[in-house]
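**Q**
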Amino acid sequence: MKFMKAIGINKSNSKNKLTIITTEIPTISETQILVKVSYAGINRADILQRNGMYPPPPGESEILGLEFSGEIVEMGDKVDLWNLGDYVCGIVAGGSYAEYVKIEANHLIKVPENLTLTEAGVIPEAFITAYQSLIHIANIAANEIVLIHAGASGVGAAAIQMAKSIGAIVIITASKEKHEFCYNLGADLCIDYKNQAFDEVLLSKFPKGVNIVLDLIGASHFQKNLNVLSRDGKMVMLGFLGGVNISEANIAAIIAKRLKIEGSTLRNRNNEYKSALVKGFSNQFLNDSKFPFKPNLDIIFPWANTDQAHEYMVQNKNKGKIAIEIKA
Ligand SMILES: NC(=O)c1ccc[n+]([C@@H]2O[C@H](COP(=O)([O-])OP(=O)(O)OC[C@H]3O[C@@H](n4cnc5c(N)ncnc54)[C@H](OP(=O)(O)O)[C@@H]3O)[C@@H](O)[C@H]2O)c1
Numbered sequence: 000m001k002f003m004k005a006i007g008i009n010k011s012n013s014k015n016k017l018t019i020i021t022t023e024i025p026t027i028s029e030t031q032i033l034v035k036v037s038y039a040g041i042n043r044a045d046i047l048q049r050n051g052m053y054p055p056p057p058g059e060s061e062i063l064g065l066e067f068s069g070e071i072v073e074m075g076d077k078v079d080l081w082n083l084g085d086y087v088c089g090i091v092a093g094g095s096y097a098e099y100v101k102i103e104a105n106h107l108i109k110v111p112e113n114l115t116l117t118e119a120g121v122i123p124e125a126f127i128t129a130y131q132s133l134i135h136i137a138n139i140a141a142n143e144i145v146l147i148h149a150g151a152s153g154v155g156a157a158a159i160q161m162a163k164s165i166g167a168i169v170i171i172t173a174s175k176e177k178h179e180f181c182y183n184l185g186a187d188l189c190i191d192y193k194n195q196a197f198d199e200v201l202l203s204k205f206p207k208g209v210n211i212v213l214d215l216i217g218a219s220h221f222q223k224n225l226n227v228l229s230r231d232g233k234m235v236m237l238g239f240l241g242g243v244n245i246s247e248a249n250i251a252a253i254i255a256k257r258l259k260i261e262g263s264t265l266r267n268r269n270n271e272y273k274s275a276l277v278k279g280f281s282n283q284f285l286n287d288s289k290f291p292f293k294p295n296l297d298i299i300f301p302w303a304n305t306d307q308a309h310e311y312m313v314q315n316k317n318k319g320k321i322a323i324e325i326k327a
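Per numbering that gives the first Met the number 0: the sequence shown = residues 0 to 327.
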């Protein structure tokens, strides 16, 4: 049995403090790869899991962490796509806050030649989620208008760039101090949702409303989202940072405007679904091995300070992504 260092949760502590633990190195199946992790990206889901609210799907690692970059150190017998020593990044259902992580071979992405290993560690979750939402689910087209909430979040910052690359018109909501960041990513209109009714501002400038809403906020934005969607509009719901309970809503617009509302997840999808997303994203955006977007890396913490990395996110300080450096 071989051992590694990983980040564990000290549940005897009321704040679920994070601590470095020793645990077994994962064993791989014949279709899997073992990666020595260099950097892991931080996601909101990690904070929910840490606080006991988002357990990993059955059979997946209990260790936190949904994305990483690093080097291939072991390959299953049936893997022929990769070589030992390749630098890769990818999404997993758990386990990347550790020295080693296992992953299905066809969920990996080669580190694009124009990105550092640090930057590569924070692109998979945000960009695959943006791809899944905008392209796979909403089938976004050039000249469509899309409203992206939490525009400066990891997912939002990826989605702004992806939507613009397709030729869409992009409106975002975010705190005022994050607007410049979003305009620099290509947003056409930024709305300060804290001080303005975003539906009123949006409809005053785009009276026909929007074709697509990418919603990470949930309850607090639900009615306004219905207000701004145009006929046959689509809303993809991915998160509920603004709550899950709605005391009152007028849902007539869902029928009158023939709206489509779809919720989605990435983490608990099966291997085939994730492989198809990774392949679709790579084929569409990584054809020449170059990453065509800004990776949006905001800040890096040493992994001994992952508590601080989580706190930075909880306080909504990040513009784009947060990484931890995994170094035993
Ligand atoms: N379903 C899926 O497959 C999937 C995949 C990835 C992420 N997600 C979800 O997507 C959301 C964003 O994730 P992330 O990691 O990209 O987030 P993030 O980088 O932590 O950014 C979240 C941002 O949302 C804004 N925000 C926070 N609370 C808010 C509220 N009550 N109302 C409005 N805005 C609020 C804040 O920016 P401002 O300063 O602008 O308010 C905050 O910085 C999370 O809920 C996450 O769980 C879902």
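Note that CB positions come from ideal geometry on N, CA and C, so glycine has one too.
Are VAL328 and ALA104 touching if we call contact CB-CB under 7 Å?
**A** Residue 328 cannot be examined here, being either before or after the span of the chain that is shown, 0 to 327.
**Q** Tell me, please, which residues DSSP counts as bridged to SER68.
**A** Bridge partners of SER68: TYR38, CYS88.
**Q** Leaving out five residues before and five after GLU59 in sequence, what residues of the same chain have Cβ atoms less than 7 Å from its Cβ?
**A** Within the same chain, GLU59 has close Cβ partners ALA92, GLY93.
**Q** Using DSSP's beta-bridge definition, name the partner residues of GLN31.
**A** Its beta-bridge partners are GLU103.
**Q** Regarding THR128 and ligand 1, is the C-beta to nearest heavy atom distance less than 6 Å?
**A** THR128: yes, Cβ under 6 Å from ligand 1.
**Q** For GLY7, which residues in the same chain have their Cβ closer than 6 Å to its Cβ, ignoring the five residues on either side in sequence?
**A** So the list reads THR18, ILE20, once near-sequence residues are dropped.
**Q** Does the distance between the C-beta of VAL154 and the nearest non-hydrogen atom of ligand 1 fall short of 6 Å?
**A** Flag set: Cβ of VAL154 near ligand 1.
**Q** Exposed or buried, which one is LYS233 when buried takes at least 16 other CB atoms within 10 Å?
**A** Flag for LYS233 reads buried.
**Q** From the DSSP output, read off the bridge partner residues of ASP187.
**A** Beta-bridge pairing links ASP187 to no other residue.
**Q** For the beta strand (DSSP E) that contains LYS273, what are its first and last residues?
**A** That residue, LYS273, is in no beta strand (DSSP E); its alpha helix (DSSP H) goes 270 to 284.
**Q** Considering VAL235, what are the terminal residues of the beta strand (DSSP E) in which it resides?
**A** Looking at the DSSP string, the run of the beta strand (DSSP E) that includes VAL235 is 228 to 236.
**Q** So, using beta-carbon positions, are ILE321 and ALA308 closer together than 7 Å?
**A** Going by C-beta atoms, ILE321 is nearer than 7 Å to ALA308.
**Q** Is it true that the CB of GLY155 sits closer than 7 Å to the CB of ILE147?
**A** Yes; because the gap between Cβ atoms is below 7 Å, this pair is in contact.
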